[in-house]
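Going by the numbering used here, the sequence shown opens with residue 2, and the numbers climb by one from there. We put the beta carbon where it would ideally sit given N, CA and C, even for glycine. Small disclaimer: the values here were computed from a predicted structure and weren't measured.
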Amino acid sequence: MAYLGSKANSKGIIEILNNPMFNDYDYLEPFFGYGRIGFRVTNKNSYTLSDYNTNLVKLYAYLQSNPTSYPVISKDEYYRLKTSTDPDDTNNRVVAAFAYSWFGKEFGSYVPISRAQSNLNYYDKIRTNSVFIDNTIRQCDYGEYNPVGKLIYCDPPYESTCGYRNNSGGKNHFDHDKFWSTIREWSKSNWVLVSEYHAPSDFVSVNEYTKKTTLNGAGTGCRVKITTEKMFIHESRLEEYKKKLVIVPVLAKVSRKRPCKTVTLATVVKEKDTPWSWYKYVLYFFLL
Ligand SMILES: C[S@@+](CC[C@H](N)C(=O)[O-])C[C@H]1O[C@@H](n2cnc3c(N)ncnc32)[C@H](O)[C@@H]1O
Numbered sequence: 002m003a004y005l006g007s008k009a010n011s012k013g014i015i016e017i018l019n020n021p022m023f024n025d026y027d028y029l030e031p032f033f034g035y036g037r038i039g040f041r042v043t044n045k046n047s048y049t050l051s052d053y054n055t056n057l058v059k060l061y062a063y064l065q066s067n068p069t070s071y072p073v074i075s076k077d078e079y080y081r082l083k084t085s086t087d088p089d090d091t092n093n094r095v096v097a098a099f100a101y102s103w104f105g106k107e108f109g110s111y112v113p114i115s116r117a118q119s120n121l122n123y124y125d126k127i128r129t130n131s132v133f134i135d136n137t138i139r140q141c142d143y144g145e146y147n148p149v150g151k152l153i154y155c156d157p158p159y160e161s162t163c164g165y166r167n168n169s170g171g172k173n174h175f176d177h178d179k180f181w182s183t184i185r186e187w188s189k190s191n192w193v194l195v196s197e198y199h200a201p202s203d204f205v206s207v208n209e210y211t212k213k214t215t216l217n218g219a220g221t222g223c224r225v226k227i228t229t230e231k232m233f234i235h236e237s238r239l240e241e242y243k244k245k246l247v248i249v250p251v252l253a254k255v256s257r258k259r260p261c262k263t264v265t266l267a268t269v270v271k272e273k274d275t276p277w278s279w280y281k282y283v284l285y286f287f288l289l
């Protein structure tokens, strides 16, 4: 399953967002993308999920309509859909845009069904996800929010990456300075966590993780490389964060190879006396 900038290695992020200190918060994720994070965030009072990308939001709307099967899209059809403005093409167009595109880069370049299948499998998976079932993913710019008292997770477009399309098909020029100013403001009355490689000096990293990225490069515009991403919080919230974070003990994994006696239900049933087992006691009595 691929989407440009999607979180392949997201365990460290999920552990923080699902930390008991954030239970029952109203959760806001304004750069929702393919939902690799949002669909795994649990124990929240409410979920507000959105992304600026119109085609992506239309894809979610299509999936929420519970289609019985997905379109199989040929290469010719893919390039026809790319420029189509016919409303009847909308569902096929949004499936083509992401599932049938190389590394999920919106209409980047065509991949056949054999490569698209992992995306279609992911669609099946999210359609049974309770966050997806209970919430609508909105189309809006992150700047439209004026949040108070929320837990906010931001995974914005990164600086110096090959970038996303804007809703007219051109390059999306993301204003990073404006973004960090907004996060400073939001941090005054919300918990705000941001995934990025770098941040201004008044932000501190509370976690680091390596991931495979499909950003930067020539050719189709992207290539894969391993990078270290960080999770930032504003310095003004760090002490409180450290105090409130609940240290969840990590249970040691028990090796499957370790020898141990496993008593299964089947074993118990087998060992239980059957209605005929009294015969063996009678026989035993006569033998004595
Ligand atoms: C790094 S991706 C998010 C990936 C996501 N975490 C995932 O797991 O798939 C960044 C997202 O921000 C969206 N975006 C770009 N500019 C935006 C804006 N001004 N407001 C809201 N969303 C924006 C893009 O459409 C893209 O989906």
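Residue i in three-state terms, based on DSSP
i	result
His235	strand
Val205	strand
Glu107	coil
Tyr210	strand
Thr55	helix
Glu160	coil
Ile134	helix
Val179	Looking at the sequence shown, residue 179 is not Val but Lys. It is helical.
Pro21	helix
Ile74	coil
Lys189	coil
Thr43	coil
Thr229	strand
Leu60	helix
Leu246	coil
Span separating the alpha-carbon of residue i from that of residue j
i	j	result
Glu145	Tyr71	33 Å
Glu78	Ser85	10 Å
Val205	Gly150	21 Å
Glu236	Ala62	38 Å
Asp87	Phe175	29 Å
Ser182	Pro21	28 Å
Trp187	Glu230	22 Å
Asn120	Leu246	35 Å
Phe104	Asp142	24 Å
Tyr80	Asn130	32 Å
Thr268	Asn24	For Thr268, the predicted structure reports a pLDDT of 27, less than 50, and the residue's modelled location is therefore unreliable. A value from the coordinates is still provided. The straight-line gap from Cα to Cα measures roughly 41 Å.
CB-CB length for residue i against residue j, believed under 8 Å
i	j	result
Gln140	Ser47	Their Cβ separation, rounded to whole angstroms, is 19 Å, which puts Gln140 and Ser47 out of contact at 8 Å.
Ile248	Val207	With 8 Å as the limit, Ile248 and Val207 do not qualify as a contact, their Cβ atoms being about 13 Å apart.
Tyr159	Tyr198	6 Å
Host beta strand (DSSP E) of residue i (start-end)
i	result
Arg139	138–140
Glu197	192–197
Leu1	What is shown of the chain runs 2 to 289, which leaves residue 1 out entirely.
Tyr28	27–30
Nearest neighbour of residue i, chosen from the options [CA to CA]
i	options	result
Val42	Leu121, Asn56, Leu18	Leu18
Ala200	Trp192, Ile15, Asn191, Met232	Met232
Ser115	Ala100, Tyr124, Asn136, Lys45	Ala100
Val58	Ser110, Asn136, Glu230	Asn136
Arg238	Trp192, Arg81, Pro157	Trp192
Gly13	Glu241, Asp203, Lys244, Leu194	Leu194
Ile184	Glu209, Pro157, Tyr198	Pro157
Phe40	Asn122, Ile15, Ile227, Ile153	Ile15
Glu30	Val73, Glu160, Asn24, Ile153	Ile153
Ile127	Pro250, Arg37, Lys243	Arg37
Asn122	Leu64, Asn147, His177, Val132	Leu64
Thr55	Arg94, Lys179, Tyr80, Asn24	Arg94
Ser66	Pro148, Val132, Asn92	Asn92
Asp203	Asp178, Asn147, Asp90	Asp178
Ala98	Asp90, Lys83, Tyr124	Lys83
Val112	Lys76, Tyr26, Ser196	Lys76
Val73	Lys45, Ala117, Phe32	Ala117
Span of the alpha helix (DSSP H), counted from its first residue to its last, around residue i
i	result
Ile14	12–18
Met153	In the sequence as presented, Met is not what sits at residue 153; that position holds Ile. Taken as a continuous stretch (DSSP letters only), Ile153 belongs to no alpha helix (DSSP H), being part of the beta strand (DSSP E) at 151–155.
Arg1	This structure cannot speak to residue 1, because the chain is shown only from 2 to 289.
Phe99	91–100
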